[in-house]
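Participant:
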Amino acid sequence: MMKKLNYRLVIFILATIFGIVFTIPSFLGKNPKVNLGLDLQGGMYLVLGVKGEAAVENRIKTIASTIKYITQKKDIFIDNLKIKKDVLSFELIDKDDMPKMDEILKKFKGIKISKQIKNGSIVYTITFTPKEIEKIKENAIKQAILTIRSRLDAYGLAEPSVTQQGKDKIVVELPGIKTEKEKREIKKLISSAAHLELYLVDDEHRVTTPKEAAKYGDILLPDKNNPKHLWLLKTPPVLDGSMITDATVGFTQKTNQPAIFFTLNPQGAAIFGDVTGKNIGKRLAIVVDNKVYSAPVIQERIGGGSGQITVGSTEEAHILAIALRSGSLPAPVVLLEQRSVGASLGADSIRKSMIALISGFIIVVIFMAWYYNFAGIIADIALVTNLFLIVAIMALFGATLTLPGMAGIVLTVGMAVDANVLINERIRELIREGKPMKVAIEGGYKNAMSAILDSNITTLIAALALFAYGTGTIKGFAITMAIGIMASMLTAILGTHGIWQYLIDTKKKITPKHFGMKV
Amino acid sequence: MELFSQDKIYNFMGKRKIFISISIILIVLSLFSIFTKGFNWGIDFKGGIEVEVRLPKPVPIGEVRKYVSKKFPEAIITTFGSPREILIKMSVKKVSPNIQKDIGIEIKKLLKPLGNVIIRRVDIVGAKVGNELRDKGIKALIFAIIGILIYVAIRFEWKFAVASVLALFHDTIIAMGAVSFFHVEVNLDVLAAILTLMGYSLNDTIVVFDRIREQIMKSKIKDLALLINEAISKTLSRTVLTSLTVFFVVFTLFVFGGEIIRPFSFTLLVGIIVGTYSSIFIASPLLIWFGFNIDDYRKKLIEKEKRRKEKEKMRQMYQGGVV
Chain A
0 MMKKLNYRLV IFILATIFGI VFTIPSFLGK NPKVNLGLDL QGGMYLVLGV
50 KGEAAVENRI KTIASTIKYI TQKKDIFIDN LKIKKDVLSF ELIDKDDMPK
100 MDEILKKFKG IKISKQIKNG SIVYTITFTP KEIEKIKENA IKQAILTIRS
150 RLDAYGLAEP SVTQQGKDKI VVELPGIKTE KEKREIKKLI SSAAHLELYL
200 VDDEHRVTTP KEAAKYGDIL LPDKNNPKHL WLLKTPPVLD GSMITDATVG
250 FTQKTNQPAI FFTLNPQGAA IFGDVTGKNI GKRLAIVVDN KVYSAPVIQE
300 RIGGGSGQIT VGSTEEAHIL AIALRSGSLP APVVLLEQRS VGASLGADSI
350 RKSMIALISG FIIVVIFMAW YYNFAGIIAD IALVTNLFLI VAIMALFGAT
400 LTLPGMAGIV LTVGMAVDAN VLINERIREL IREGKPMKVA IEGGYKNAMS
450 AILDSNITTL IAALALFAYG TGTIKGFAIT MAIGIMASML TAILGTHGIW
500 QYLIDTKKKI TPKHFGMKV
Chain D
0 MELFSQDKIY NFMGKRKIFI SISIILIVLS LFSIFTKGFN WGIDFKGGIE
50 VEVRLPKPVP IGEVRKYVSK KFPEAIITTF GSPREILIKM SVKKVSPNIQ
100 KDIGIEIKKL LKPLGNVIIR RVDIVGAKVG NELRDKGIKA LIFAIIGILI
150 YVAIRFEWKF AVASVLALFH DTIIAMGAVS FFHVEVNLDV LAAILTLMGY
200 SLNDTIVVFD RIREQIMKSK IKDLALLINE AISKTLSRTV LTSLTVFFVV
250 FTLFVFGGEI IRPFSFTLLV GIIVGTYSSI FIASPLLIWF GFNIDDYRKK
300 LIEKEKRRKE KEKMRQMYQG GVV
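Chains as they are written, first to last, in numbering that gives the first Met the number 0: chain A, 0 to 518; chain D, 0 to 322.
1. Since MET197/D meets chain A, which of its residues come closer than 8 Å, beta carbon to beta carbon?
2. I'd like to confirm something about ALA342/A: is its beta-carbon nearer than 6 Å to some heavy atom of the ligand GDP, or not?
3. For VAL170/A, which residues in the same chain have their Cβ closer than 6 Å to its Cβ, ignoring the five residues on either side in sequence?
4. Hey, would you say ALA464/A sits closer than 7 Å to PRO31/A, going by beta carbons?
5. Between the Cα of SER4/D and the Cα atoms of GLU229/D, THR77/D, PHE289/D, which residue gives the shortest distance?
6. Is the CB-CB distance between PRO235/A and ALA54/A below 7 Å?
7. Below 7 Å between beta carbons is the criterion; list the residues of the stretch 358-377 of chain A that meet it against any residue of chain D, in chain order.
8. Which value, in whole angstroms, describes the spacing of the CA atoms of VAL49/A and PRO265/A?
9. Grab me the residues of VAL322/D's own chain with a C-beta within less than 8 Å of its C-beta, minus the 5 sequence neighbours each way, in chain order.
10. Can you tell me whether SER120/A is helix, strand or coil according to DSSP?
11. Using DSSP with H/G/I as helix, E/B as strand and the rest coil, what is LYS512/A?
12. Can you find a C-beta in chain D that's less than 7 Å from the C-beta of GLU424/A?
13. Using CA atoms only, rank isn't needed, just tell me which of THR238/D, ILE141/D, THR244/D is closest to PHE280/D.
14. Within its chain, find whatever has a CB closer than 8 Å to the CB of LYS36/D; leave out the 5 residues flanking it on each side and keep chain order.
15. How big is the Cα-Cα spacing for LEU382/A and ALA491/A?
16. For a cutoff of 7 Å on Cβ pairs, would you count ARG148/A as touching chain D?
17. Does any C-beta atom of chain A lie closer than 7 Å to the C-beta of LYS158/D?
18. Which whole-angstrom value is the C-beta distance of ARG300/A and GLY272/A, which I expect to be below 8 Å?
19. Once you ignore the five residues that flank PHE263/D on each side, which residues in its own chain have a CB closer than 7 Å to its CB?
20. Helix, strand or coil for PHE44/D? Go by DSSP, reduced to three states.
21. Got a sec: is the Cβ-Cβ distance from PHE476/A to anything in chain D below 7 Å?
22. From ALA378/A to LYS217/D, what distance separates their C-alpha atoms?
23. For the beta strand (DSSP E) containing LYS130/A, list its first residue and its last residue.
24. Sorted by chain position, which residues of the same chain lie with C-beta nearer than 6 Å to SER278/D's C-beta, five sequence neighbours on each side aside?
25. Tell me the start and end of each unbroken beta strand (DSSP E) in the stretch 75-103 of chain A that is at least 3 residues and wholly inside, in chain order.
26. Counting only beta-carbon separations shorter than 7 Å, does PRO403/A have a partner in chain D?
27. Could you have a look at ILE19/D and say whether DSSP puts it in helix, strand or coil?
28. Let me confirm a value: ARG338/A is counted as buried when at least 16 other C-beta atoms fall within 10 Å, else exposed. Which label applies?
29. Based on Cα-Cα distance, which residue from GLN500/A, MET516/A, GLY515/A lies nearest to LEU4/A?
30. Alpha carbon to alpha carbon, how far is ALA139/A from GLU133/A? Give it in angstroms, no decimals.
31. Residue range of the alpha helix (DSSP H) that GLN164/A falls in?
32. For ARG64/D, which of ILE259/D, ASP101/D, LYS88/D, MET175/D has the nearest alpha-carbon?
33. Taking the continuous alpha helix (DSSP H) assigned at VAL91/D, which residues delimit it?
34. Do you know offhand how far PRO112/D's Cα is from ASP101/D's?
35. Please report whether the beta-carbon of THR77/D lies at a distance below 7 Å from any beta-carbon of chain A.
36. Quick one: what's got a C-beta closer than 7 Å to LEU28/D's C-beta in the same chain, skipping five residues either side?
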């Protein structure tokens, strides 16, 4: 007679081997391994909000600069170039220039142009289409992520993670940050927009309020070293940081102050040359993130497209240079949430939750063996495999183990044996009814199935809700719970069934005593 | 080992009024605590600043307060699990963003006279984020309840579904009441505990309901109370056993797991006790009160079974025909 293959036992043994093989690397610190969450290994977690509107405003400013530059070059006269939030307006003096003007504007995509005749000149009003605004904001966050990522890479951090959350948020996770100084530098590195702009200083007017400044088409910006001192600057800026190709730290020749030397791309170099050539004797303000770093007098036309920014300290120069080199943030970011855990606390958390896991495990294992005798030991074997499977699956999927996740594993230990309790109770019931052992065992598994499935699925629904709406470490809890439940179905139902089947097939004598029953 | 005799039928339903009364009292007390005392919202939901420091040696808390209040008079200072662990809490609005950036360094500087303190943890959550997290938490709860309701309604019947969800509310309210009464901090972990508790308490209820459904098919008993008694008695040892194993692990988590997850383990500890109680004493009596009709349900089940058998017969015939 051909023996039927005990597929349950085969699957269970394979699962056990799989579990052990992929669990070991995690304990040796080799790949694939379970990643520890920031709350367990220490590190910093930041949530940044991206101000998308500012990206739109920056974009309109760039358009304004370009229009100004091109019209000057082509001798088209415009006046009253003004920016109000995300609306740009100017007057075209000569009506006959209209076709030329329209030709220039064609270059810009996604803008709405309206024209109005006023005192013989044409007033252009330019805004973005709603779709374009949406796109700019979307791009702003995408670019911000790339920028922050490259800044962190340049800083030399191990495994930073920068991801988008929702529509306008960025989550930055930095494992392994230790000192407070590092934390401060990184926060600065991430949150400074590094938006470089060059403005001509308006020496002709004397104003004290932003409103007055706006009358002349100017803005007032504070000096970096002396915030009370305000500079009156002509808008739009002649250049911005998007044209920078490189930035390095060095020292100025004369004063030996720390400084950043930047290089512009060809287009930027051309504009820089033109502007400096035309404005010799005037001041050019170097503005980073709306602060005037310096405003040297232009001595001569500066060709070659390079310039320098003097900075207070070398540390500051270093951070700013990285920021400038990796590009400016298209929109300013604000720190909404920051959590940092020291490595010592993380280690404590690991130790404490491991103690809870081990002691909980021992109690459950002893309890099951005491109550169900041999059947309890079989359930315990399934439980061990279950733990291996959780770690192995997490390692293979690169899931992150957090402190609540550890709690989830501890809970799983208590809950996974539930299936075996249900099954064993059913088997006992059938034994009491006088059924032969083989029939009782098969019947027990069959009768318990619907309750096991229903209860596991409802727990999975709760875990799914947590995963969908949970954030950060809570997601880790949902993940370990879900994996634990699914693994327990494999080990507690299939695995133990396979073992019993094997014992029956090999004609081992099974008695009610094996199920902890008094005879 | 056997704890309960399986042949004995305990008369749970005969005393259902007592149990329902106990539950109503507990729910009223819980709601009273929730509405008068309120919750001790953690920074996850309220926003705020928390700095955890470890001192080189235990120091009277007044001394720590003295140094910290030099710069942060509003700070609330408590020990956190051990006399060497200190938790400093502040409102986000009271501290300027510039100082927030370096709050760890600031605190370290202030506490310098106490020796080399270690900054263990710094959490800063903006008020806006707190609101968002709260919204998400409520959504998760609603999502879970609706999902469970639908699932139970499909698998059983809507009266079972409503009874189990009411039992769920019962457990959640009492667990939250305990959280409020004992002034346990409500953070994201507590939310996770509540959702776990829902899944768990439902487990128990469903096992009993599953048995009730089975008894309806098997026995000819027409009295619902008797039938429920039988179902609960037969599942009693399983209910108690599983509750015990889960209780053990949650208890070890509560004792050994440390201060950070104590709100989580506390909520679960209460929840498991209440959840076990409710699935035995509360969920099933609700069925009686809803006027659940055994005969109707039995007919429905028999009808379903008949259809299933017919289908099987058809399939066999069809397969037989092919072969």
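Cβ coordinates follow ideal geometry from the N, Cα and C atoms, glycine included.
Facilitator: Let me lay it out:
1. ALA461
2. For the ligand GDP, the structure offers nothing, since it holds no ligand at all.
3. VAL46, THR162, GLN164
4. no
5. GLU229/D
6. no
7. SER358, GLY359, ILE362, VAL363, PHE366, TRP369, TYR370
8. 30 Å
9. Unreliable positioning characterises VAL322/D in this predicted model, as indicated by a pLDDT of 48, which lies under 50. The coordinate reading is nonetheless provided below. Excluding positions up to five away in sequence, the list is empty.
10. strand
11. Here LYS512/A carries a helix assignment [DSSP, helix/strand/coil].
12. yes
13. The option with the nearest alpha carbon to PHE280/D is THR238/D.
14. SER179, PHE180, HIS182
15. 7 Å
16. Under the Cβ distance rule, ARG148/A does not count among the residues neighbouring chain D, no pair being separated by less than 7 Å.
17. no
18. 6 Å
19. ASP188, VAL189, ALA191, ALA192
20. helix
21. yes
22. Roughly 29 Å between the two C-alpha positions.
23. Careful: LYS130/A lies outside any beta strand (DSSP E), inside the alpha helix (DSSP H) at 129-154.
24. ASP203, THR204, VAL207
25. Annotation: the stretch 75-103 of chain A contains the following complete segments of the beta strand (DSSP E) (minimum length 3 residues), in chain order: 77-83, 86-91.
26. yes
27. Helix.
28. Using a 10 angstroms sphere on the CB of ARG338/A, the tally of other CB atoms reaches 16 or more, which defines it as buried.
29. The shortest C-alpha separation from LEU4/A is found at GLN500/A.
30. 10 Å
31. Unbroken run through GLN164/A is the beta strand (DSSP E), 160-164; no alpha helix (DSSP H).
32. LYS88/D
33. First-last for VAL91/D: undefined, no H or E at that position.
34. When rounded, the distance between both Cα atoms is 19 Å.
35. no
36. GLY176
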